[in-house]
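Scroll down for the structure; my scribbles are underneath it.
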Amino acid sequence: MVSFSAVAKRYPGGEEALKNVTFSVQPGELVFITGRSGAGKSTLLKLIPAIERPSSGSVVVNGQNVGALKRSAIPYLRRNVGLVFQDQKLLYDRSIYDNVMLPLAFSSHPPREAARRARAALDKVGLLGREKANPIQLSGGEQQRVAIARAVVNRPSILLADEPTANLDGESARRILDIFVEFNQVGVMLLIATHDAALVAQYGKRVLHLEAGRVQ
Amino acid sequence: MNAWLRQHRQAFARALGRLGFLNILVIGVALALPVGGYALLESLRAVAGRLTLEPQISVFLDAKRADRDAISGKLKSDSRVSRVRFVPREQALKELSGVQGMSELVAALGRNPLPDAFVVTAREDGIDALAAELAKLPGVAHVQSDSVWARRLAGLARVGRLGLWLLAGLLGSALVAVTFNTIRLQILTQRQEIEVSKLLGATDAFIGRPFYYAGLLQGLTGGVLALGIVALSLGLLNREVGPLAQSYGSDFRFSFLPAADALAVLAFAGLLGWAGAHLSVQRHLRTIEPS
Numbered sequence: 009m010v011s012f013s014a015v016a017k018r019y020p021g022g023e024e025a026l027k028n029v030t031f032s033v034q035p036g037e038l039v040f041i042t043g044r045s046g047a048g049k050s051t052l053l054k055l056i057p058a059i060e061r062p063s064s065g066s067v068v069v070n071g072q073n074v075g076a077l078k079r080s081a082i083p084y085l086r087r088n089v090g091l092v093f094q095d096q097k098l099l100y101d102r103s104i105y106d107n108v109m110l111p112l113a114f115s116s117h118p119p120r121e122a123a124r125r126a127r128a129a130l131d132k133v134g135l136l137g138r139e140k141a142n143p144i145q146l147s148g149g150e151q152q153r154v155a156i157a158r159a160v161v162n163r164p165s166i167l168l169a170d171e172p173t174a175n176l177d178g179e180s181a182r183r184i185l186d187i188f189v190e191f192n193q194v195g196v197m198l199l200i201a202t203h204d205a206a207l208v209a210q211y212g213k214r215v216l217h218l219e220a221g222r223v224q
Numbered sequence: 044m045n046a047w048l049r050q051h052r053q054a055f056a057r058a059l060g061r062l063g064f065l066n067i068l069v070i071g072v073a074l075a076l077p078v079g080g081y082a083l084l085e086s087l088r089a090v091a092g093r094l095t096l097e098p099q100i101s102v103f104l105d106a107k108r109a110d111r112d113a114i115s116g117k118l119k120s121d122s123r124v125s126r127v128r129f130v131p132r133e134q135a136l137k138e139l140s141g142v143q144g145m146s147e148l149v150a151a152l153g154r155n156p157l158p159d160a161f162v163v164t165a166r167e168d169g170i171d172a173l174a175a176e177l178a179k180l181p182g183v184a185h186v187q188s189d190s191v192w193a194r195r196l197a198g199l200a201r202v203g204r205l206g207l208w209l210l211a212g213l214l215g216s217a218l219v220a221v222t223f224n225t226i227r228l229q230i231l232t233q234r235q236e237i238e239v240s241k242l243l244g245a246t247d248a249f250i251g252r253p254f255y256y257a258g259l260l261q262g263l264t265g266g267v268l269a270l271g272i273v274a275l276s277l278g279l280l281n282r283e284v285g286p287l288a289q290s291y292g293s294d295f296r297f298s299f300l301p302a303a304d305a306l307a308v309l310a311f312a313g314l315l316g317w318a319g320a321h322l323s324v325q326r327h328l329r330t331i332e333p334s
């Protein structure tokens, strides 16, 4: 479970990205976070894996108060929270297979089990045949699917996606969201930030709308 | 345990792949200077040590006035003297002609110019006072103590050793600095991978591990290269020194470091490389945080 209570986030320089945000998301739920650019969507997502810390209020993820987490405990939190970014953050010096293998290198799976998981993750996003390719050879939508495979390969219980469809055409965007919905159907909690209200409307899921740092 | 070993093996393999020859060369040359100097000094010390094991005083007698038995008795009763050897002038001449290149000179002399002498082996302390006393005895023409030049040699060796330690200290710091910078560059070029790894849940230990191995390996291989350079240089020197020493009737050779010292050099180089990596990782890895 993820729950925010009275969370505020001020960046150095006084800019207030979030104001008194309170909500909670149950395990297995899919929630869209909508709002314009600068409404605080990215900040909200970054608080969950402790990329940012709240200025006040508390963020609790699976029973852990993230704001008070020790630095050394953060990696273990992040292994249970899959992250998908607008700019995929893939590594272009290696194949997509090696990109997906990356999180398995430090979560100490036996090599055969790791290989099996990586191939299964690539299979789920429909890229199993292209595992040898370099990310640069793929389209934007395909790169985003690699990023999703990498985010789910450790089988996290929570998946966060920040504008995963922003740079994609309608068809590719729908494909990405369909993949997310499939993960949600097997019990993964999803928080997807997007400014594309029309796309969100097609899915009929819970929506958290942010405006100037407040939940509406 | 298996996973732990596997992660270390992977980190080691990555570090091995990043090893740069130029850095190793810099470290190797830097370490070769003090290590080579140490080998030279130790070789010389081995020779000097043979010469100065026991301080000796040569007491030369005045042939006309000398009362040999009285002086002998006085020497033998002195508690500071551990051994006395009488060298008659005939024997001294014979010993001299035995030294290479001297026999012709001795033959050319015609008569024996050497005096009778006592060679006194004394205990270390008070050798100068003893020499001064012996010089005042009637019938003694000249007293020569080798403690002065022995002490000078020892002093010189001490200066040499101190110089080497200073050099080793300076170049050791250079090794740390070189490693620090190498690791800094490696961290910067892998900034993106480090950032992504942190986002995906890699621990600091996991991310830092290949860099520690890289520092350790760089130091170790630099140390191996330094030992190689020293061994090669001593070999070349010995090709020239051998014949030269032989012409002086000596079998002197520069010898390579004893195995224990060579291992100590490697351990030291590895440790310094690790330390450089540690400083660099502490300073640079933490500053890379995903945002």
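Top to bottom, those sequences are chains A and B.
According to my numbering, the residues represented by the first sequence are 9 to 224, in order.
According to my numbering, the residues represented by the second sequence are 44 to 334, in order.
We treat Cβ as the ideally placed atom computed from N, Cα and C, and that holds for glycine.
Distance CB(residue i)-CB(residue j) smaller than 8 Å
i, j, result
"residue 26/A", "residue 48/A", "yes"
"residue 159/B", "residue 181/B", "no"
"residue 124/B", "residue 165/B", "yes"
"residue 150/A", "residue 136/A", "no"
"residue 74/B", "residue 265/B", "yes"
"residue 111/A", "residue 158/A", "yes"
"residue 166/A", "residue 138/A", "no"
"residue 39/A", "residue 56/A", "no"
"residue 275/B", "residue 299/B", "no"
"residue 208/A", "residue 156/A", "no"
Nearest to residue i (by Cα), restricted to the options the options
i, options, result
"residue 339/B", "155/B, 177/B, 235/B and 69/B", "Lying before the first or after the last residue shown, residue 339/B is absent from chain B, which here runs from 44 to 334."
"residue 321/B", "223/B, 300/B and 304/B", "223/B"
"residue 128/B", "111/B, 211/B and 55/B", "111/B"
"residue 316/B", "202/B, 49/B, 163/B and 261/B", "261/B"
"residue 169/A", "109/A, 112/A, 62/A and 187/A", "187/A"
"residue 88/A", "51/A, 71/A, 96/A and 100/A", "71/A"
"residue 279/B", "291/B, 296/B, 254/B and 119/B", "296/B"
"residue 116/A", "211/B, 241/B, 65/B and 46/B", "46/B"
"residue 200/B", "293/B, 64/B and 90/B", "90/B"
"residue 95/A", "129/A, 197/A, 175/A and 208/A", "175/A"
Alpha-carbon spacing of residue i relative to residue j, whole angstroms
i, j, result
"residue 106/A", "residue 78/B", "44 Å"
"residue 183/B", "residue 100/B", "13 Å"
"residue 90/A", "residue 160/A", "6 Å"
"residue 147/B", "residue 301/B", "41 Å"
"residue 161/B", "residue 84/B", "33 Å"
"residue 34/A", "residue 153/A", "25 Å"
"residue 172/B", "residue 156/B", "29 Å"
"residue 88/B", "residue 133/B", "34 Å"
"residue 236/B", "residue 99/A", "7 Å"
"residue 179/A", "residue 132/A", "18 Å"
"residue 51/B", "residue 270/B", "28 Å"
"residue 216/A", "residue 32/A", "10 Å"
"residue 222/A", "residue 120/A", "47 Å"
"residue 308/B", "residue 215/B", "11 Å"
"residue 205/B", "residue 82/B", "14 Å"
"residue 142/A", "residue 74/A", "35 Å"
Host alpha helix (DSSP H) of residue i (start-end)
i, result
"residue 187/A", "178 to 193"
"residue 24/A", "Per DSSP, residue 24/A belongs to no alpha helix (DSSP H); it is in the beta strand (DSSP E), 24 to 33."
"residue 109/A", "104 to 113"
"residue 151/B", "146 to 152"
"residue 258/B", "247 to 290"
"residue 321/B", "302 to 327"
"residue 45/B", "45 to 60"
"residue 160/A", "148 to 160"
"residue 82/A", "82 to 86"
Residue range of the beta strand (DSSP E) that includes residue i
i, result
"residue 214/A", "214 to 219"
"residue 18/A", "10 to 18"
"residue 170/A", "166 to 170"
"residue 67/A", "64 to 69"
"residue 120/B", "Careful: residue 120/B lies outside any beta strand (DSSP E), inside the alpha helix (DSSP H) at 111 to 120."
"residue 185/B", "183 to 188"
"residue 89/A", "89 to 92"
"residue 99/B", "99 to 104"
"residue 130/B", "124 to 130"
"residue 161/B", "160 to 165"
"residue 39/A", "38 to 42"
"residue 200/A", "197 to 201"
The region 222 to 246 of chain B: positions lying closer than 9 Å to chain D by Cβ:
No chain D is present in this structure, whose protein chains are A and B.
The region 138 to 158 of chain A: positions lying closer than 8 Å to chain B by Cβ
158
Using a Cβ-Cβ cut-off of less than 7 Å, give me the residues of the region 295 to 323 of chain B that come near chain A, in sequence order.
none
Give me the subset of the region 171 to 199 of chain A whose CB atoms are less than 8 Å from a CB atom of chain B, sorted by chain position.
none
Using a Cβ-Cβ cut-off of less than 9 Å, give me the residues of the region 273 to 287 of chain B that come near chain A, in sequence order.
none
What are the residues of the region 59 to 82 of chain B that lie near chain A, defined by any Cβ-Cβ distance shorter than 9 Å?
none
Chain B contacts made by the region 104 to 133 of chain A, where a contact means CB separation under 8 Å
110, 111, 113, 114, 115, 116, 117, 118 and 119
Listed from N- to C-terminal order along the chain, which residues in the region 17 to 49 of chain A have their beta-carbon within a distance smaller than 9 Å of any beta-carbon of chain B?
none
Positions along the region 52 to 85 of chain A whose CB lies within less than 9 Å of some CB in chain B
54, 57, 59, 60, 79, 80, 82, 83, 84 and 85
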